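Below is one structure, written out as structure tokens, with a few remarks after it.
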Amino acid sequence: MTTPHFMTAAERGRWDIYGPIHKGLRLAHGALLHRLGAADFASSPPHRLLADLRAHLALAARHLAHEDTVIHPALESRAPEAAAGVDDDHAHHKARLAVLESAIRGIEHAAAADRAALGRGLYLAFSTFVAEDLAHMGREETEIWPRLCDLFSDDELAALEMTIVASLSPADNIAFMRIMLPAMNRAERSALLTAMKSGAPPEAYAAVIEQAARPTLAPADMSHLSELGLAA
């Protein structure tokens, strides 16, 4: 049995390069899994649901690419082979993503009589992917992040994250923020938005508030941001 990892004093307060995005992915995984389980595929093709699932899987694929091209090379530059295990996970995830895309297309082009069975198959395939990704993200946060904390300063970890952020299109930035902001607690959310407001162009920050925060946060959470001067 694997011993649970508890945050050590050396890790506490360190730059958390995985936490915010992984919280967002976990929230989005769960929401889509619920929607797939509740969908009535037999009655009509759930076009909006399938489009949302496809967009989510594309976002998950971009997250894998960010880790593959930024985090893993940096880690292996200081600890060769340290990312080998998670690289294997990523290869497996990419194969799963291809299977899921094929399943989505199958439902989109299926006869009405076949949709219920194909919908159940998509639900089970996505649930398997979610289970594997939850385990994978847990492994990154309990095994890889401590290694990163040992090998990199907070300034270096922040620079790696900024490399990823700088590579995002405006649309991708909004898409990631739409899943991350509602998954955070208030302290995490306000810290992120405070840093963003001080460093991003005003129009980019306004877009995050109007297109990511307002559509996804509860009224009480928006009121909290307003009290902090972060809602505009």
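Just so you know, our numbering puts -8 at position 6 of the sequence shown, and the rest follows in order with no gaps.
Each residue gets a CB set at the ideal place from its N, CA and C atoms; glycine is no exception.
A quick note: this is a predicted structure, and the numbers were derived from the prediction, not measured.
Integer-rounded CB distance, given that residue j should sit under 8 Å from residue i
i, j, result
"P6", "E196", "Incorrect: roughly 20 Å between the Cβ atoms, too far for contact."
"V194", "I150", "No, V194 and I150 are not in contact; Cβ-Cβ is about 16 Å, not under 8 Å."
"L19", "V116", "6 Å"
"L13", "I165", "6 Å"
"A31", "R101", "As written in the sequence, residue 31 is Pro, which differs from the Ala given in the question. Contact holds; Cβ gap of about 7 Å."
Local conformation of residue i per DSSP, three classes
i, result
"W226", "Outside the displayed span of the chain (-13 to 218) sits residue 226, for which this structure offers no information."
"M(-13)", "The predicted position of M(-13) is uncertain, since its pLDDT is 46 and thus under 50; no value can be drawn from it."
"G215", "coil"
"P6", "helix"
"D241", "The question about residue 241 has no answer here: the residues shown for the chain are numbered -13 through 218."
"S227", "Residue coverage of the chain in this structure runs from -13 to 218, which leaves residue 227 outside it and unanswerable."
"P31", "coil"
"E62", "helix"
"E147", "helix"
"E67", "coil"
Continuous alpha helix (DSSP H) stretch holding residue i: start and end
i, result
"T180", "R172 to G185"
"I165", "P156 to M166"
"L137", "W131 to L137"
"A193", "P188 to V194"
"D74", "A70 to E94"
Burial state of residue i (16 or more Cβ within 10 Å)
i, result
"A204", "exposed"
"A(-5)", "Because A(-5) sits at a pLDDT of 45, beneath the cut-off of 50, its placement in the model cannot be relied upon, and the point is left open."
"E67", "exposed"
"D201", "One point to set straight first is that residue 201 is Pro, not Asp, in the sequence displayed. That one is exposed."
"H76", "buried"
"H239", "Nothing about residue 239 can be read from this structure; the chain reaches only from -13 to 218."
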